[in-house]
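In this note's numbering, the protein residues as written are 2 to 454. All C-beta atoms in this analysis are idealised placements derived from N, C-alpha and C, irrespective of residue type, glycine included. Quick caveat, the model's predicted, so the values are computed rather than measured.
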RNA sequence: GGCCCUGUCGUCUAGUCCGGUCCAGGACAGUUGGUUCUCAUCCAACAAACACGGGUUCAAAUCCCGUCGGGGCUGCCA
């Protein structure tokens with residue numbers, strides 16, 4: 002059997018991280034088994050679907066590197082397929098036009114819930130000729146007296162069973178060319194010869210309905226596998242109120258490789274902490290996917306991201322941050338201490354004049370006069386030294402520190418003069434990046450700050 | 001309410017199928033210490049979990065029963 006999987010997002014919002022994770026797992030499964038991975042846009046809900054979301058989904062999947070095979074399928078372009086299948090169901094008598102109004106159905110279900118029953122609806126007139134279209138809806142007939150148990154073997158969870166009489170008739174389409182989710186999915190998966198349906202856990206309860214549709218259509222269902230959900234920190238399904246949920250919102254701070262690496266860990270234990278998707282694919286087994294939901298832990302993502310940032314080449318880093326003017330030597334100073342790309346701004350003293358209060362120049366109990374003296378000596382050292390030779394500059398500053406009886410008195414004021422910050426990389430490295438001229442300029446500026454009050 | 005899924009450190013998890021090697025291991029986060037002018041890195045250490053109750057057994061995180069908890073679905077959305 003040819004392995005064929007799909008990711009089927011609906012364009013009602015930007016690409017959700019949950020959808021992205023599902024896409025990744027489908028991608029991994031396809032790669033591992035030499036199968037095909039298809040992208041199908043489920044845009045049957047005309048009111049909520051929007052082309053701009055479709056564009057975002059496509060763009061985001063590309064950004065993540067989750068490339069699909071072949072053309073993009075859109076349900077809105079496949080209406081004939083649904084019409085054919087819905088007529089087949091109508092002709093065989095498995096589906097029928099239901100004329101109960103929406104309100105009537107809702108009222109009935111409410112009463113059932115009050116009576117502590119499973120909400121369901123069975124049309125009495127499904128076999129009658131009343132069924133000619135007159136503003137009704139097409140539903141699949143389910144035998145309310147059935148004693149049958151519908152079951153499927155989930156590749157992640159094992160057998161999942163359902164008693165057929167527990168769910169009533171359900172809706173398939175509003176019209177021949179207006180299919181509803183459960184029906185459209187089945188019609189498409191059949192037409193596209195999907196072999197494995199790998200999707201989120203929230204679809205488990207749709208699966209039995211879909212199996213009934215396969216059955217009515219006389220087609221063998223595919224293999225199903227339901228991934229655990231991505232949870233927010235309050236353990237509920239990740240949604241808008243939890244903040245960043247679309248891939249879009251991660252693009253400024255995170256590397257796609259890092260996000261993919263992280264998503265690979267939501268519901269799966271990879272053999273290494275840092276692993277790319279090709280390596281994940283080699284080891285991927287559906288049976289090893291976890292069953293319980295996992296919280297989206299941004300701190301772990303940050304750590305993974307920092308690991309990837311450290312490995313960035315100066316060219317890559319400059320391109321990603323737009324800091325094209327930066328000297329290559331400055332890049333590792335930044336990337337070694339970065340979680341999120343946008344935090345590169347914290348190192349702007351490498352390309353901008355720093356501003357700071359002169360009090361910051363003080364080292365421990367030493368007064369500003371001692372600081373000024375130290376800076377004068379430092380300035381002299383820098384003037385007389387080839388600063389590209391960091392070892393020798395460091396040695397001279399060490400000597401100064403010894404002479405002053407405190408290494409900090411030599412290093413701290415210089416560091417603040419150059420960066421204007423409490424925390425920064427080694428001032429010797431910053432000197433190297435800034436160059437002799439700029440360094441002396443900033444040291445002089447610091448001295449002036451002190452003596453000009 | 002009904003149905004379905006699920007339950008090991010704060011978080012992600014290893015171990016559960018085939019009970020002993022687990023007074024439960026790793027990673028992230030946290031805390032402390034070391035290196036150090038500060039930060040980061042690195043190193044060392046600390047704290048931290050088998051949801052609960054029964055049962056089976058010489059022995060249970062692992063098997064059985066029950067309870068409780070969490071989540072999802074319950075649409076003429078997907």
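Inter-residue Cα distance where the pair is residue i and residue j
| i | j | result |
| --- | --- | --- |
| residue 252 | residue 231 | 19 Å |
| residue 23 | residue 309 | 22 Å |
| residue 312 | residue 335 | 12 Å |
| residue 296 | residue 364 | 44 Å |
| residue 282 | residue 30 | 7 Å |
| residue 450 | residue 359 | 6 Å |
| residue 222 | residue 187 | 9 Å |
| residue 56 | residue 62 | 10 Å |
| residue 331 | residue 288 | 46 Å |
| residue 314 | residue 348 | 17 Å |
| residue 286 | residue 111 | 43 Å |
| residue 108 | residue 217 | 28 Å |
| residue 429 | residue 423 | 16 Å |
| residue 269 | residue 60 | 26 Å |
| residue 242 | residue 440 | 48 Å |
| residue 27 | residue 100 | 40 Å |
| residue 160 | residue 142 | 25 Å |
| residue 425 | residue 271 | 35 Å |
| residue 273 | residue 413 | 40 Å |
| residue 69 | residue 8 | 9 Å |
| residue 117 | residue 183 | 26 Å |
| residue 220 | residue 86 | 12 Å |
| residue 382 | residue 343 | 35 Å |
| residue 396 | residue 386 | 11 Å |
| residue 401 | residue 407 | 9 Å |
| residue 249 | residue 168 | 38 Å |
Among the options, nearest to residue i - alpha-carbon criterion
| i | options | result |
| --- | --- | --- |
| residue 266 | 21, 12, 10 and 11 | 21 |
| residue 323 | 254, 124 and 428 | 254 |
| residue 3 | 195, 341 and 332 | 195 |
| residue 197 | 144, 36 and 392 | 36 |
| residue 96 | 105, 14, 433 and 84 | 84 |
| residue 377 | 446, 351 and 257 | 446 |
| residue 483 | 355, 412, 433 and 401 | Since the first residue of the chain shown is 2 and the last is 454, residue 483 is not available in this structure. |
| residue 405 | 88, 397, 381 and 375 | 375 |
| residue 91 | 247, 305, 240 and 177 | 177 |
| residue 354 | 385, 15 and 421 | 421 |
| residue 82 | 192, 41, 34 and 204 | 192 |
| residue 263 | 6, 25 and 14 | 25 |
| residue 329 | 346, 344, 351 and 343 | 351 |
| residue 136 | 11, 103, 316 and 397 | 103 |
| residue 204 | 180, 190, 214 and 229 | 229 |
| residue 417 | 105, 357 and 368 | 357 |
| residue 207 | 240, 172 and 238 | 172 |
Whole-angstrom C-beta distance between residue j and residue i, which should lie under 8 Å
| i | j | result |
| --- | --- | --- |
| residue 153 | residue 199 | That belief does not hold up - the Cβ atoms of residue 153 and residue 199 are roughly 14 Å apart, past 8 Å. |
| residue 202 | residue 166 | Between residue 166 and residue 202 the Cβ distance is about 25 Å, and since that is not below 8 Å, they are no contact. |
| residue 66 | residue 261 | 7 Å |
| residue 419 | residue 435 | 6 Å |
| residue 75 | residue 46 | Between residue 46 and residue 75 the Cβ distance is about 13 Å, and since that is not below 8 Å, they are no contact. |
| residue 341 | residue 306 | 7 Å |
| residue 431 | residue 380 | That pair is no contact at about 15 Å. |
| residue 468 | residue 411 | Outside the shown range of the chain, which is 2 to 454, sits residue 468, and nothing can be said about it. |
| residue 10 | residue 50 | Between residue 50 and residue 10 the Cβ distance is about 11 Å, and since that is not below 8 Å, they are no contact. |
| residue 225 | residue 156 | 7 Å |
Identity of the residues DSSP links to residue i by a beta bridge
| i | result |
| --- | --- |
| residue 164 | 150 |
| residue 197 | 224 |
| residue 295 | 231 |
| residue 155 | 159 and 225 |
| residue 180 | 174 |
| residue 238 | 232 |
Residue interval of the beta strand (DSSP E) (run including residue i)
| i | result |
| --- | --- |
| residue 37 | 37-42 |
| residue 97 | 96-99 |
| residue 140 | 138-141 |
| residue 415 | From DSSP, residue 415 is part of no beta strand (DSSP E) but of the alpha helix (DSSP H) over 408-420. |
| residue 171 | 171-176 |
Heavy atom of the ligand NAP within 7 Å of residue i beta-carbon
| i | result |
| --- | --- |
| residue 171 | This structure does not include the ligand NAP; it has no bound ligands of any sort. |
First through last residue of the alpha helix (DSSP H) which encompasses residue i
| i | result |
| --- | --- |
| residue 7 | Residue 7 -> not in any alpha helix (DSSP H); beta strand (DSSP E) instead, spanning 5-8. |
| residue 33 | 18-33 |
| residue 329 | Where residue 329 is concerned, there is no enclosing alpha helix (DSSP H), given that its DSSP letter is neither H nor E. |
| residue 104 | 103-115 |
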